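For the sequence shown, our numbering begins at 7 and goes up steadily by one.
C-beta: ideal position from N, C-alpha, C; glycine also.
Please read all numbers here as calculations on a predicted model, not as lab measurements.
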Amino acid sequence: MKDIMGMMKAAGEMKAKMEAMQAELAELVVEGRSGGGMVSVSLSGKGDMRGLKIDPSLLKPEDAEVVEDLIVAAYNDAKGKSEAEAQRKMAEVTAGLPIPPGMKLPF
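Below, the structure is given as structure tokens:
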């Protein structure tokens, strides 16, 4: 019976840690860049776009397609950083727990 109570306590503590981590991720802002920094995108830790900056030299009608591609590249760069940070924080929360490989949290 002690083991079950211990597991319940550990689960409650993990839930609290995960809620705190989710709040932290919502406040986190990462920046992705492309075109040598001419386009940058800011995302929250949850992947919501917070900002976009475009160097004025790119704002020519004939360069629209290039700018569009740079925005996508900057977004993808920021998204990758956001996901890496989320994984790092999740590893901190779940450290020491016997979680099977490949299992993703939160469910």
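Excluding five sequence neighbours on each side, which residues of the same chain lie with their C-beta closer than 8 Å to the C-beta of residue 113?
Residue 113 sits at position 107 when you count from the first residue of the sequence shown. Summary for residue 113: the model assigns pLDDT 44, below 50, so the residue's position carries little reliability, and this model does not support an answer.
With a cut-off of 8 Å, do at least 3 Cβ pairs link the region 63–80 to the region 22–33?
no
Could you name the residues that DSSP lists as bridge partners for residue 59?
Numbered from its first residue, the sequence shown carries residue 59 at position 53. In the DSSP output, where bridge partners are listed per residue, residue 59 has 46.
Three-state secondary structure assigned by DSSP to residue 41
If you number the sequence shown from 1, residue 41 lands on position 35. Reduced to three states, the DSSP call for residue 41 is helix.
Of the residues 97, 81 and 98, the one placed nearest residue 36, counting alpha carbons only:
Position 30 of the sequence shown, counted from the first residue, corresponds to residue 36. If we check each option's Cα against that of residue 36, 81 comes out closest.
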